[in-house]
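A.B. asks: Each protein sequence line maps, in turn, to chains W and X. Per my numbering, the first sequence starts with residue 1, numbered consecutively. Per my numbering, the second sequence starts with residue 153, numbered consecutively. Cβ atoms here follow ideal geometry from the backbone N, Cα and C, with glycine treated the same way. The structure is given below, and queries will be raised subsequently.
There are 2 protein chains.
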Amino acid sequence: MKRSAKEIKRMMDHFREVVLRAGIKLTQQRIEIFREAALTDDHPKLETIFRNVRRRLPTVSLDTVYRTLHLYQELGLLAAFRPLNGPAGFDADMTHHHHFVCTRCGAIHDFVDDGLDRLALSPSARRLGQVDSAHVEIRGICAACARTPKKS
Amino acid sequence: MKRSAKEIKRMMDHFREVVLRAGIKLTQQRIEIFREAALTDDHPKLETIFRNVRRRLPTVSLDTVYRTLHLYQELGLLAAFRPLNGPAGFDADMTHHHHFVCTRCGAIHDFVDDGLDRLALSPSARRLGQVDSAHVEIRGICAACARTPKKS
DNA sequence: TTTAGTGCAAAGTTTTTGCATGTCC
DNA sequence: GGACATGCAAAAACTTTGCACTAAA
Numbered sequence: 001m002k003r004s005a006k007e008i009k010r011m012m013d014h015f016r017e018v019v020l021r022a023g024i025k026l027t028q029q030r031i032e033i034f035r036e037a038a039l040t041d042d043h044p045k046l047e048t049i050f051r052n053v054r055r056r057l058p059t060v061s062l063d064t065v066y067r068t069l070h071l072y073q074e075l076g077l078l079a080a081f082r083p084l085n086g087p088a089g090f091d092a093d094m095t096h097h098h099h100f101v102c103t104r105c106g107a108i109h110d111f112v113d114d115g116l117d118r119l120a121l122s123p124s125a126r127r128l129g130q131v132d133s134a135h136v137e138i139r140g141i142c143a144a145c146a147r148t149p150k151k152s
Numbered sequence: 153m154k155r156s157a158k159e160i161k162r163m164m165d166h167f168r169e170v171v172l173r174a175g176i177k178l179t180q181q182r183i184e185i186f187r188e189a190a191l192t193d194d195h196p197k198l199e200t201i202f203r204n205v206r207r208r209l210p211t212v213s214l215d216t217v218y219r220t221l222h223l224y225q226e227l228g229l230l231a232a233f234r235p236l237n238g239p240a241g242f243d244a245d246m247t248h249h250h251h252f253v254c255t256r257c258g259a260i261h262d263f264v265d266d267g268l269d270r271l272a273l274s275p276s277a278r279r280l281g282q283v284d285s286a287h288v289e290i291r292g293i294c295a296a297c298a299r300t301p302k303k304s
């Protein structure tokens with residue numbers, strides 16, 4: 001789903017700040033690639049970002065998109081994930097949230113849950129190392145798929 | 153880490169039962185591929201399974217390993233995951249557990265936590281669809297990496 | 001014997017890399 | 001102007017597929 005104009009503006013401002021602070025160049029390609037990733041919350045694939053950026057910058061190449069999205073991960077501007085089949089997806093929302101993964105259609109929906117954020121981990125978990133973050137992944141059938149009677 | 157002989161036997165028995173019940177053939181390749189996946193709890197990569205199975209069955213081919221591990225996922229005998237970089241990994245432990253992912257070395261450690269299993273999901277999460285399971289992924293620095301002073 | 005499974009090889013996807021050219025600071 | 005970024009093309013890494021042969025039931 002499309003994010004609000006206000007939310008996108010906030011993300012773009014943050015993006016510019018991080019890029020400048022990192023001392024790397026703010027090119028047209030980088031701006032458009034980030035904007036495209038920030039536009040929706042449905043975790044677009046690289047191919048989708050590439051196709052949409054091309055509409056504004058027709059000469060952009062696929063490997064620039066790969067390199068740029070890789071760079072953004074290192075800068076902490078977005079998170080990537082790889083589904084079991086198909087290409088990687090990207091998430092420009094770096095605020096703390098959890099995921100609902102539909103096992104039928106593969107869609108991933110974000111949600112926030114204050115209760116889950118206060119998870120108390122048992123000693124068996126803490127013993128494994130230094131815990132930086134914890135996030136919950138729910139698996140199930142999303143509302144849209146539940147309305148569809150048969151499995152395709 | 154290597155699983156106990158007792159645990160491996162239990163997994164192999166269950167494996168045989170599921171395969172027979174599914175009405176598919178119990179070949180040498182399938183037995184050895186599953187055994188190799190069940191041998192350790194460190195989520196071996198396909199390449200590792202292939203290499204080790206080859207020591208017992210020198211003629212086994214890479215695509216048989218791919219096809220067989222795919223089949224096991226459909227039968228619910230194991231779970232697969234794809235790390236951000238590198239090939240897929242497999243987990244033959246299908247009992248309910250959570251994951252500790254080391255952001256430095258990439259290792260994934262399983263743990264069980266009764267408290268987490270009783271997670272109460274907020275309405276915002278339930279609204280997304282029918283919840284089948286929930287599992288927690290902790291990110292942090294594992295104990296082994298924490299002992300290593302520098303980042304290589 | 002019959003059907004499903006395997007091995008081989010080839011191709012399909014997805015992702016990465018080297019280098020000359022172009023662009024931002 | 002100088003250094004970093006881009007585009008192109010080629011290759012690498014990973015995974016899937018078609019078909020003839022083999023082995024399990």
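Is there a Cβ of chain W sitting closer than 8 Å to that of F167 of chain X, yes or no?
C.D. replies: F167 of chain X does not count as touching chain W.
A.B. asks: Report the residues of the region 274-288 of chain X with a CB closer than 7 Å to any CB of chain W, ordered along the chain.
C.D. replies: So the list reads S274, S276, A277, L280, G281, Q282, V283, D284, S285, A286, H287 and V288, given in the order they occur along the chain.
A.B. asks: Can you tell me where the beta strand (DSSP E) holding D42 of chain W begins and where it ends?
C.D. replies: No beta strand (DSSP E) holds D42 of chain W; DSSP gives it neither H nor E.
A.B. asks: Mapping the DSSP letters down to three states, classify H222 of chain X as helix, strand or coil.
C.D. replies: Looking at H222 of chain X - three-state DSSP - the assignment turns out to be helix.
A.B. asks: Does any C-beta atom of chain W lie closer than 8 Å to the C-beta of K303 of chain X?
C.D. replies: Confidence is the limiting factor: at K303 of chain X the pLDDT is only 41, short of 50, which leaves the residue's position unreliable and the question unanswerable from this model.
A.B. asks: Going by other Cβ atoms of all chains shown within 10 Å of its Cβ, with 16 needed for buried, is H191 of chain W buried or exposed?
C.D. replies: Since the displayed chain W opens at 1 and closes at 152, residue 191 of chain W lies outside it and no answer follows.
A.B. asks: Just reading off the beta strand (DSSP E) that R139 of chain W is part of, what are its end residues?
C.D. replies: Its beta strand (DSSP E) spans residues G129 to C142.
A.B. asks: Decide if C257 of chain X is buried, meaning its Cβ has at least 16 other Cβ atoms within 10 Å, or exposed.
C.D. replies: Looking at its Cβ environment, which holds fewer than 16 other Cβ atoms inside 10 Å, C257 of chain X is exposed.
A.B. asks: Near T192 of chain X, what residues of its chain come up, given a Cβ to Cβ distance below 8 Å and the 5 sequence neighbours on each side ignored?
C.D. replies: Cβ neighbours of T192 of chain X beyond the five flanking positions: M153, K154 and R155.
A.B. asks: Taking Cβ-Cβ distances below 9 Å as the criterion, which residues of the region 95-109 of chain W are in contact with chain X?
C.D. replies: Cβ contacts with chain X: H98, F100, C102, T103 and H109.
A.B. asks: Which bits of chain W does A295 of chain X rub up against, with CB to CB less than 7 Å?
C.D. replies: Per Cβ cutoff of 7 Å: L128 and G129.
A.B. asks: Could you give the first and the last residue of the continuous alpha helix (DSSP H) run that contains I260 of chain X?
C.D. replies: Premise fails: I260 of chain X lies in the beta strand (DSSP E), I260 to F263, not in any alpha helix (DSSP H).
A.B. asks: From the beta carbon of L78 of chain W, is the nearest beta carbon of chain X less than 8 Å away?
C.D. replies: No, because no Cβ of chain X sits closer than 8 Å to the Cβ of L78 of chain W.
A.B. asks: Please name the residue in X:D262, X:V212 and X:A277 whose C-alpha comes closest to that of H250 of chain X.
C.D. replies: Here the closest residue by C-alpha is X:D262.
A.B. asks: Go to A240 of chain X, then tell me how far its beta strand (DSSP E) extends in each direction, as first and last residue.
C.D. replies: Premise fails: A240 of chain X is in no beta strand (DSSP E) and is neither H nor E.
A.B. asks: Name the residues in the region 55-68 of chain W whose C-beta lies less than 9 Å from a C-beta of chain X; which are they?
C.D. replies: Within the region 55-68 of chain W, no residue has a Cβ that lies closer than 9 Å to any Cβ of chain X.
A.B. asks: Check whether the region 187-202 of chain X touches the region 140-148 of chain W, taking contact to mean three or more Cβ pairs, one atom from each stretch, closer than 8 Å.
C.D. replies: Touching, no.
A.B. asks: Measure the alpha-carbon distance for K303 of chain X versus T255 of chain X and round it to whole angstroms.
C.D. replies: The pLDDT assigned to K303 of chain X is 41, lower than 50, so where the model puts this residue is not dependable, and the model offers no usable value.
A.B. asks: How would you list, in chain order, the residues of chain X whose beta-carbon sits under 9 Å from the beta-carbon of L84 of chain W?
C.D. replies: Correct list: Q225, A232, F233, R234 and A240.
A.B. asks: Tell me, please, whether the region 47-62 of chain W touches the region 10-18 of chain W by the rule of three or more beta-carbon pairs shorter than 8 Å.
C.D. replies: Taking 8 Å as the limit for Cβ pairs, the verdict is that the region 10-18 of chain W does not touch the region 47-62 of chain W.
A.B. asks: Let's test the definition: count the other Cβ atoms within 10 Å of the Cβ of T300 of chain X and tell me whether it reaches 16, buried, or not, exposed.
C.D. replies: When all chains shown are included, T300 of chain X counts as exposed.
A.B. asks: Apply the 10 Å Cβ neighbour rule to M11 of chain W and answer buried if 16 or more other Cβ atoms are within range, or exposed otherwise.
C.D. replies: M11 of chain W comes out buried.
A.B. asks: Could you work out which residues of chain X lie near D41 of chain W, taking near to mean beta carbons separated by less than 7 Å?
C.D. replies: Ordered by position in chain X, no residue passes the 7 Å Cβ test against D41 of chain W, which lies about 13 Å from the chain.
A.B. asks: What residues of chain X sit near D113 of chain W, judged by a beta carbon separation below 8 Å?
C.D. replies: Near D113 of chain W (Cβ distances below 8 Å), the residues of chain X are L273, S274, S276 and A277.
A.B. asks: Between which two residues does the beta strand (DSSP E) holding V101 of chain W run?
C.D. replies: Run containing V101 of chain W: H98 to C102, per the beta strand (DSSP E) assignment.
A.B. asks: For K154 of chain X, which of helix, strand or coil comes out of DSSP?
C.D. replies: Strand, per DSSP.
A.B. asks: Roughly how many angstroms lie between the CA atoms of L273 of chain X and K25 of chain W, to the nearest whole one?
C.D. replies: Spanning the two alpha carbons is a distance of roughly 43 Å.
A.B. asks: Please report the residue range of the beta strand (DSSP E) in which A231 of chain X lies.
C.D. replies: Per DSSP, A231 of chain X belongs to the beta strand (DSSP E) from A231 to F233.
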